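Here the structure comes first, spelled out in structure tokens, and everything after it is commentary.
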Amino acid sequence: MFKIEENKVVYYVESKALAYVSYPFVANNMVNIDHTVVEPSLQGQGIAGKLLDEAYKDIKEKGYQAQLTCSYAIRWFEKHPECHDVLANGIRKYQKEDFYELYNLTKNQWENEVPMSSSLANFIYDFLVRYYLYNNEYSYVGLEEGKLKAFLLANLKGEENNAEAYFNANLNGLTEDDKKKAYEYLDYINYNHRKVLSHMSQNSIYLGLIASRIHGMGIKLIEKLKLDALKNNVHEIYLWTDETCNYEYYEKLSFNLIEEYIITLYGNEIKTFIYKTIF
């Protein structure tokens, strides 16, 4: 018997719960289908698909939108395009449950730019997200057909986080050579960070990290950042980028170049740029 419970569909056999699909809230009227679990004895009987069919009906009836982080749910919806009407599109605020998706997007976008071992890359790109992640209202994610495919992380000049404490506490899993490279990367990030801060007025925003696999979503994320900034009487955004990125993209968005310099990372000289926009 399938039973709809609060943000969950459960399959019972003789009053015993043997399978379920869960979809907790992640924003107003938006749920995340995060788990589809079936007891081994029932696998291969189509129970998971029926659970998702019931979940889809429940989500649609209640007028919710759905995000997908469960791999089985992603595959199920790919096979059922007629059910895509409940899948979420657009921008919402970052939630702590989004961290792994942000890490994956960051690693996929930048891991080939700087050669390093796989273990160091896992550590660095996890740290990089934490470095620019603040508990504030200026962190967003972008969704396309229920999947998180973009994000923007920003903060006010005076805000602080515990990223460096995380860095120091998690170095032990690296080889001695990778530890040296990790410290060099930290110096590199901190140098650029201090450069940006030196230009910023107190009441301004630092756009720390942005990545997107959705065409046009980067612009929408920046516009969302500007709208929320204006609500708080903030009118300036600063950022740094370099020649490994499409830095001219920011000039098309009315950002002005205010400093250009060369910095070295792992023996490679990198031309780096600081941009500012007033709105």
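Residue numbers for the sequence shown follow the numbering used here, so the first one is 616 and each next one is one higher.
Every residue, glycine too, gets a C-beta built ideally from N, C-alpha and C.
All values derive from a computational prediction rather than experimental measurement.
Residue i to residue j span [Cα, whole Å]
i	j	result
Y753	K762	20 Å
K839	L657	46 Å
Y865	Y853	11 Å
K694	Y821	41 Å
V652	F617	14 Å
L872	T859	16 Å
Q817	G773	7 Å
E874	A670	52 Å
F894	A784	40 Å
V849	K841	8 Å
K810	I804	10 Å
S827	E629	47 Å
V624	F782	40 Å
Y800	N807	11 Å
G678	V729	45 Å
G831	Y627	45 Å
N847	R690	41 Å
D673	K631	22 Å
N777	F714	15 Å
V744	A797	15 Å
F692	K722	26 Å
K708	Y746	18 Å
L758	D843	19 Å
L768	K794	26 Å
Residue burial classification, residue i (beta-carbon count within 10 angstroms, cutoff 16)
i	result
K891	buried
K915	Because residue 915 is not part of the residues shown, which for the chain are 616 to 894, the question remains open.
S824	The question names Ser, but residue 824 in the sequence shown is Leu. Its Cβ being crowded by 16 or more others within 10 Å, L824 is buried.
Q660	exposed
K867	exposed
L845	exposed
S819	buried
N622	buried
G882	exposed
F870	buried
A765	buried
F640	exposed
A780	exposed
Per-residue DSSP class, three states only, for residue i
i	result
G823	strand
M645	strand
F894	coil
A703	coil
E866	helix
S816	coil
L683	strand
E851	strand
N776	coil
S754	strand
S733	helix
E726	coil
T721	helix
K674	Residue 674 is actually Ile in this sequence, not Lys. Residue state, collapsed to three classes: helix.
Y627	strand
N622	coil
I829	coil
Y876	strand
N785	coil
Below-8 Å beta-carbon distance, residue i vs any chain D residue
i	result
A769	Of the protein chains in the structure, only one exists, and it is not chain D.
Anticipated Cβ contact below 8 Å, residue i with residue j, distance rounded
i	j	result
Y749	N770	4 Å
D857	T879	Not a contact, Cβ separation roughly 12 Å.
H814	I885	H814 to I885, Cβ: 19 Å. No contact.
Residue i Cβ short of 7 Å to the ligand FAD heavy atom set
i	result
N807	As for the ligand FAD, it is missing from this structure, which has no ligand bound.
### Task
Indicate whether the contact test is met: 3 or more Cβ pairs, each with one atom in the stretch 720–736 and one in the stretch 789–796, closer than 8 Å.
yes
### Task
Specify whether the stretch 688–703 and the stretch 740–748 touch according to this definition: at least 3 beta carbon pairs, one from each stretch, less than 8 Å apart.
The answer is no - the stretch 740–748 does not touch the stretch 688–703, with fewer than three Cβ pairs under 8 Å.
### Query
Does the pairing of the stretch 663–675 with the stretch 631–642 give three or more beta-carbon distances under 8 Å?
yes
### Query
Does the stretch 677–686 touch the stretch 640–651, meaning 3 or more C-beta pairs lie closer than 8 Å?
yes
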